[in-house]
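Visitor: Before we start, here is the structure in question, set down as structure tokens.
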Amino acid sequence: MRVEHQHYGWTDAGPRWAHGYLLPTILRAIQGLSEGKPLSVVDMGCGNGYVASRLAGHGHSVVGIDVSRDGIEIARSAYPAIRFEVCSIYDEDLHGIIGQPVDCVISLEVIEHLFYPKRLLEQAHRILKSGGHLLLSTPYHGYLKNLAFSVLNGWDRHFDVQRGGGHIKFFSRRTLARMIQGAGFRKPRFTGAGRVPWLWKAMIMIAEK
């Protein structure tokens with residue numbers, strides 16, 4: 001079934017502001033996992049294909065998937081050497097669309113937009129090889145950051161009800177780790193990205209199948 005919208009509003013194939021603080025950590029993590037060898041990677045929620053293009057530029061074999069047709073059209077035009085597919089994490093045959101099991105699944109700033117976030121984790125687990133890895137980022141929410149929002153009276157702005165779409169799930173390290181392990185992953189580990197420690201903009205999690 002498809003529950004998410006088909007168009008996100010992509011207009012170009014360039015980086016977005018979050019890539020500036022997410023990509024350095026992601027690329028270092030991929031490099032550490034690869035040990036100098038090319039990996040097969042699926043980018044879940046690849047958007048306009050920019051992150052997939054950076055991974056491919058480091059020698060990895062990448063498939064980008066997204067439910068957004070406008071994003072995939074831009075990605076295919078800008079990065080024709082990379083395979084991009086319009087599909088959803090809710091598609092029952094997603095593993096068939098991908099084909100062979102892969103070494104790594106990445107999903108950056110996607111899970112917080114999903115009504116059923118565990119589905120992304122289950123699909124990632126299904127298409128990964130045994131011993132493969134999931135790299136996932138989502139906005140960070142922890143005690144000190146939440147306290148700062150409260151002191152500064154920032155919750156109305158943070159949960160802006162006038163914004164169309166946006167974030168509908170909010171994770172701490174504890175809640176994300178619990179969901180990750182419930183989907184069958186092992187050894188989740190976390191690092192922060194953006195801003196100063198414990199007030200991070202995002203957290204990046206790496207877990208093993």
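According to our numbering, the sequence shown holds residues 1 to 209 in order. For every residue, glycine included, the Cβ atom is placed at its ideal position computed from N, Cα and C. What you are looking at is a predicted structure, and each value in this text was computed from that prediction instead of being measured.
(1) How would you label histidine 158, buried or exposed, when you count the other beta carbons within 10 angstroms and need 16 or more for buried?
(2) Taking the alpha-carbon positions, what's the proline 101 to isoleucine 65 distance?
(3) Taking the straight line between their C-alpha atoms, what separation do you get for lysine 129 and lysine 209?
(4) If you compare alpha carbons, which of Trp17, Ala183 and His133 is closest to leucine 120?
(5) Determine contact between the region 198 to 205 and the region 139 to 148, defined as no fewer than three beta-carbon pairs at a distance below 8 Å.
(6) Counting along the chain, where does the alpha helix (DSSP H) carrying glycine 59 start and finish?
(7) On the DSSP bridge assignment, give the partners of leucine 134 in chain order.
(8) At what residue ranges does the region 109 to 186 contain a whole run of the alpha helix (DSSP H), taking only runs of 4 or more?
(9) Would the beta-carbon of glutamate 112 fall within 9 Å of that of isoleucine 168?
(10) Measuring CB atoms only, is the region 28 to 44 touching the region 7 to 19, in the sense that at least three cross pairs come out at less than 8 Å?
(11) Bridge partners of arginine 195, per DSSP?
(12) Write down the C-beta distance between glycine 97 and phenylalanine 84 rounded to the nearest angstrom, noting that I regard them as a contact closer than 8 Å.
(13) Measure the alpha-carbon distance for serine 172 versus isoleucine 74 and round it to whole angstroms.
(14) Glycine 14: buried (16+ other C-beta within 10 angstroms of its C-beta) or exposed?
(15) What does DSSP give as the partner residue(s) for serine 40 in the beta ladder?
Guide: To lay it out plainly:
(1) exposed
(2) 15 Å
(3) Annotation: lysine 129 to lysine 209 spans about 8 Å, alpha carbon to alpha carbon.
(4) Ala183
(5) yes
(6) Neither: glycine 59 is in no alpha helix (DSSP H) and is coded neither H nor E.
(7) Val105 and Ala207
(8) 117 to 127, 143 to 151, 155 to 158 and 173 to 182
(9) Closer than 9 Å, so yes.
(10) no
(11) The partner list for arginine 195 (beta bridge, DSSP) is empty, contrary to what the question assumes.
(12) Residue identity check: residue 97 is isoleucine in the sequence provided, not glycine. Not a contact, Cβ separation roughly 11 Å.
(13) 33 Å
(14) exposed
(15) Ser61
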